[in-house]
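**Q**
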Amino acid sequence: MCDFFQLEEIHGRVKGISADGAQWSDICFRIPALTLSSPRRRRDLNHLYDSLPPKYKSDPSVALGDSIYCAFIEALERKCLERTLLDLWSYNRSAIQSLTKEGILEKLNKTRVSPVFGHPMDYVPLLGGVERNASGVIVSAKSLLTFWVVHVNFSNVDYEKSGNLAGTGDLGDAKSLEWEIEFSKLLSSFAANVTAIDVYYTSGRSFADISNNAMFQDIGKLLLGGFIMFIYIQLQLSKCNWVELRVYLGMAGMVSIVLALIVSYGFCSMLGIFFGPVHHSLPFLLLGIGVDDMFIIMQNFFNLSPAEKIKPLPEKIGLMMQHAGASITVTSLTDFVAFAIGSATILPCLQSFCLYAAVGILATYFFQSTFFVACLTWDERRIEQKRNGVAFCIKHEDFEPNIYHRKQISKTIFGSLYSNYVLTTPGKVFVLLLTAGITAISLWGNLHLRQEFDQMWFIPKNTHLANFSRIKTHFYPEDGQEAAVYMGKLNYSIEFRRIQKLVAEFRKQDDILHDVKAWSEEFQKYVSDNHHINLQRQILSDAEFSRFISKFLFSPSGAIFEKDFRFDGKLTCGQPAPPVVLSSFEFKFRIFSGPEEHIPALRRVRNLTEQAHFRTGDKFVTVWGKIFANWVTDEVIDAEMYRNLALAMFCVMISTFILIANVRTCLLVLLCVVLTLIDVGGMMFFWDMTIDIVSCVGLVLAVGLCVDYAAHIGLTFMTYVGSKDHRALRTIRETGPAVWNGGISTLLALSVLADSDAHVFIAFFKIFLLVVVFGLFNGIVLLPVLLSLIGPKPYHTAGEDGTERRPKIYQPREPVKFIKPKVVVQPPDVALELLDKSTSTNDAAAN
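Residue numbering for the sequence shown follows UniProt numbering, beginning at 1 and increasing consecutively.
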C-alpha cells in the first residue's frame, strides 16, 4: 500500500508550497462542500436517498424552499477542488497508513459520493490499467491520477508573460504561475528521490516553458554553427599570408547578416506582427542567402581580368558590382517576391514567418551590397598598402604575393572536373539518367507523404511533460482530446428542444465521441422529477426558464454545470437567473491514429453544429477544442503548402524573366527549382517526416535557397560568348565555386543541429540538408548540362571574358596630348570616327 502512503506525502507537500506568499489555499479553485463530520453519515451517504421514503426523495433545492435551501448553501464551506483517491478517506493520514488491499477495493467499488465534498463523484477514471473480475468489480489497477485544480483570474492575466510564443501554453495569473513553478520543482525532486513508485507530473505552464526552453537551449549550437561558417569563409577568402588574411572582412559579412536579422525582427515587431516558434529558423535562411551573396561578390572580384585588376580600386569595385550586383539582385528579388506572396496564406504562423523573411531578405540584400562592399573596399586598400590582416598598424614592406596564393584552386578543380567528366557526352547522359532516377523515386515519395502534426513534437523526449504524456496515453487510452459546443445569446426556453436534439446527435456519434456531458439532459430530468413538466412537449416561458435554471444550477445535481454558463449579471441563489450570454456542453473525442481519422471527425462535429438551425437571439453555435489548432492546421496545410509553393514558383519565374530577360533560361532555372522541391518532398517521406507547419515553412525556405543556386548559373551563362559547351564550362568555372561555397557553408552551420532536441531545429536541419544537396546538384550539375544542350544565345552585349561589350562611341577617350600651352580641343566627328577605325583618337589642333 506504499502507493497511497507516497501519494499522501505528495499531497501534504503540495499543500505546503508557498510561492511569492501564495499557498495552495490561496490559488485553488473552490466549490461548496457538504461537510459530514459524523462517521456514520459518511458511511451512509451513498445510501441516503435509497433509504428515504418516496415523498422525501425530491431534490432538496425544491423540497426545502428557496430561503432555507439558499441559507444552507451560503453557509457551506468552499473547499479546494482536488480529484484524487485520497478523497475516499478524507485525507486522514492514520486511515491511509492502515489501508489494506481489500479495504481499498471496497471503497473504490462502492463509493459514489465524495466524503469530502458531498457531491456525486466517479473515481474510476482516475485509475489506469484497470482489471475487473467476471462480475465487473475492480480487482487491481496499475496507475493513479491526481488533479489539483487551480483558479485563474483572467482579468489579472498578463498575456506578455503567460503562455508561449505559439499561443499554445495555458494562461495563468501571476500567483498561479509562480505557484506552478514551485509545484514542478517539488514533483521533480520527489520523482528523482523516490524509488518505490514512478512519479510523472505536469502543470498548466509546462508546455509553454518546455517548448520555449527547447527553442532557446540550442542557441549555443546556432552560435557554434555561425563560428564554423566563419572559419569556412576564412578558408575560402583568405590566403596563407598575413596581408591577404581577411579576418575582419569575414566578420563584416557575418555582421551584415546579423544587422539584417535585427532589422527583420525589429521592423516586423514594430508593426505588431507576432513572433512564433518557427521564426527561430529565420537566422538559418538569412545565413544561407547572405553568405551566398557574399561569396558571389567575392568571386566576381577574384574573376576580374588582369587588365581590370590594375585599375584604381573604386573602378575595380564598380566592375565587380556590375556583375555581382545583377546576380544578387536577381536572387534577392525572387526570394523577396516568393515570401511576400507566401504571406497571403490563411495560416497565421506561416503568414507571419513569410513577412519576417521578406523583410530580412531585403535587409540582407541592402547590407551585403552596401556595408559589406564598403568593408571590402577598405580591406582591399589595406592589402594594397601591405598592412597586416589582424594588426593594421603593421606593414609588410617586402610582401610579394606567391603565385600559388594568387591561383584559385577551386576554379581549377571545377574546370578540370567538368571539362573531363560532367560536360562530356557520357557525363551528360549519366547526369540526365541520374536526375530522372532521383525524380522518379522522389515522385513516389511525394505521393505517400502525409500531413500530420502533434504539438507534443515541440517537447523534447527527455522532459517531464513528454514522459507524463507517454504514460498517460499508455494507461488511459480512452482519454481522447476534450472539446465543447458553445451556444450564444439564444432564447433558451424556445430553443431547448433543438439543444436537446443537438446533444442527442452528438451522443449518436459514439464511433468518434464519448463522455458527452450536457446540462440540458440533467436539466430536463430535474424539471420533470421536481416540477412534473415534460420539456419535450411543453415550452417554458422565459420567466419559468430563468427560475428553473437558477434552482437547477444551485441543486446537488446541477451545481456541476454552473461552469458551463455565463450570464449577463450575477447568478444568485433563490433569484431568477439573468439572461444567458453563453452556454456549453462538453465531450471527448476518441483516440485517433492520425489526420485520416481526426479530420473527418472534426468535419462531422462541425456539420452537426451547422445543422442546429437556431432561430432566436444571435443564433450563435460552434464547436471548439484546444486540439483544434492542430487539427485545423492538418486540414488546410496540404492545400496551403502546394498553393504557396505554386505561387512562389510563379513569382520566381516572373522575376527571373524580368531580371535575366531570357525565357529559355528562366524556364530552365524554374525547372531546377521544381526538381529540387520534388526531391526534397520525396526524401521527406523516406526520412519519416510529415507535412506540418514546420515542414511547410521549410519548403517555402527551399524555394528561396535553391533559386539562388540556379539563378547565379543561369545569369552568368548569358554573359559569355562561344559554343554552348564553352559557355557552360566558363560559367561553372567562374561562378560554380561561389555557389558551392554558399551551399557548403550553410550546411556546415546547420550540421551542429543534427542532435538537437527541438522539433523545429531537427526538421529544419533535415530539410536544409536536402535543399543544399539537391539544390546544388540541380543548380551546378544538371543546369550546366541542360544549358550546354539547349541553352539560349548570349546577350548581344556579352563578351568572351564575361564583360559587357560596348560600342566604341561609348568608350572612354584617351588623354589629350598638349602641344602648346594654349590648345583648342575639338570634338571628333562621330560619323567619321565610326567609319574610319584607323583614325587617331587624339583630335587636338593647336592654335
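Note that CB positions come from ideal geometry on N, CA and C, so glycine has one too.
In the DSSP output, what is Tyr486 paired with across the bridge?
**A** Ser584, Thr622
**Q** Which class does Glu397 belong to by DSSP, given the choice of helix, strand or coil?
**A** DSSP places Glu397 in coil when its eight states are reduced to three.
**Q** My parser needs the beta strand (DSSP E) runs of 3 or more residues fully inside the stretch 619 to 658; what are they?
**A** 621 to 624
**Q** Does any residue of chain B have a CB that is nearer than 8 angstroms to the CB of Thr609?
**A** No chain B is part of this structure, which consists of one protein chain only.
**Q** For my contact list, Gly266 and Val700 are in at a C-beta cut-off of 8 angstroms; report their separation, rounded to the angstrom.
**A** Not quite, the Cβ-Cβ distance comes to about 22 angstroms (not below 8 angstroms), so this is no contact.
**Q** In the DSSP assignment, find the unbroken beta strand (DSSP E) run with Ala570 in it and report its ends.
**A** First, the amino acid is wrong: residue 570 is Lys here, not Ala. Neither: Lys570 is in no beta strand (DSSP E) and is coded neither H nor E.
**Q** Within its chain, find whatever has a CB closer than 6 angstroms to the CB of Phe561; leave out the 5 residues flanking it on each side and keep chain order.
**A** So the qualifying residues of the chain are Trp519.
**Q** Note down, in chain order, each residue of its chain lying with its Cβ closer than 7 angstroms to the Cβ of Glu482, except the 5 sequence neighbours on either side.
**A** The answer, listed in chain order, is Glu586, Lys588, Gly625.
**Q** Which word fits Cys393, buried or exposed, when buried means at least 16 other C-beta atoms lie within 10 angstroms of its C-beta?
**A** exposed
**Q** What does the alpha-carbon distance come out to for the pair Leu186 and Phe29?
**A** Rounded to the nearest whole angstrom, the C-alpha separation of Leu186 and Phe29 is 20 angstroms.
**Q** Would you mind sorting Lys766 into buried or exposed? The rule is 16 or more other CB atoms within 10 Å of its CB.
**A** buried
**Q** Am I right that Ala484 and Thr364 are in contact with their C-beta atoms under 8 angstroms? What's the rounded C-beta distance?
**A** The Cβ separation is near 46 angstroms, so there is no contact.
**Q** Restricting to Cα atoms, I'd like to know which of Arg727, Ala75, Gly681 is closest to Leu770.
**A** Gly681
**Q** Among Arg733, Ala749, Glu82, whose alpha-carbon lies nearest the alpha-carbon of Leu283?
**A** The sequence shown places Pro at residue 283, not Leu. Considering only alpha carbons, the answer is Ala749.
**Q** To the nearest angstrom, how far is it from the Cα of Phe761 to the Cα of Leu753?
**A** 6 angstroms
**Q** Classify Asp173 as helix, strand or coil using the three-state DSSP reduction.
**A** strand
**Q** Could you give the residue range of the beta strand (DSSP E) that holds Ile138?
**A** Ile138 -> beta strand (DSSP E) spans 138 to 140.
**Q** Determine the contact status of Ser788 and Asp725, defining contact as a CB-CB distance below 8 angstroms.
**A** Yes, these two residues count as a Cβ contact at 8 angstroms.
**Q** On the criterion of 16 or more Cβ atoms from any shown chain inside 10 Å, does Asp564 qualify as buried, or is it exposed?
**A** buried
**Q** Identify the continuous alpha helix (DSSP H) that holds Glu452 and give its terminal residues.
**A** Element bounds for Glu452: n/a, residue is neither H nor E.
**Q** Hey, Arg497 and Phe614: beta-carbon distance below 8 angstroms or not?
**A** no
**Q** Would you call the stretch 365 to 383 in contact with the stretch 245 to 252, where contact means no fewer than 3 C-beta pairs closer than 8 angstroms?
**A** yes
**Q** Which residues in the same chain have their Cβ closer than 6 angstroms to the Cβ of Ala358, if we skip the five residues on either side of it in sequence?
**A** Phe336, Phe339, Ala340
**Q** Determine the DSSP secondary structure at Ser18, reduced to helix, strand or coil.
**A** strand
**Q** Let me know the secondary structure DSSP gives Glu478 once reduced to three states.
**A** coil
**Q** Starting from Pro784, trace the alpha helix (DSSP H) in both directions and tell me its first and last residue.
**A** 783 to 790
**Q** Tell me, which residues are paired with Phe589 by DSSP?
**A** DSSP lists Leu513 as the bridge partner or partners of Phe589.
**Q** Suppose you measure from the CA of Leu45 to the CA of Val113; what does that come to, to the nearest Å?
**A** Its pLDDT being 42, under 50, Leu45 is placed unreliably by the model, and the measurement read from it follows with that caveat. Their backbone Cα atoms lie some 7 angstroms apart in a straight line.
**Q** Using the C-alpha atoms, what's the distance from Val636 back to Ser332?
**A** 29 angstroms
**Q** Assuming Ile296 contacts Ala738 under a Cβ cut-off of 8 angstroms, what Cβ separation, rounded to an integer in Å, is found between them?
**A** About 5 angstroms separates the two Cβ atoms, so the contact holds.
**Q** Specify, as a first and last residue, the run of the beta strand (DSSP E) that Ile780 falls within.
**A** Where Ile780 is concerned, there is no enclosing beta strand (DSSP E), given that its DSSP letter is neither H nor E.
**Q** Would you decide whether Arg205 is buried or exposed? Buried here means 16 or more other CB atoms lie within 10 Å of its CB.
**A** buried
**Q** Based on Cα-Cα distance, which residue from Val150, His151, Ser211 lies nearest to Ile459?
**A** Ser211
**Q** Tell me which same chain residues have a C-beta within less than 6 angstroms of the C-beta of Gln524, skipping the five on either side of it?
**A** Leu535
**Q** With DSSP run on the structure shown, which of helix, strand or coil describes Tyr720?
**A** strand
**Q** Shortest alpha-carbon distance to Gln538 belongs to which of Phe506, Glu495, Glu640?
**A** Glu495
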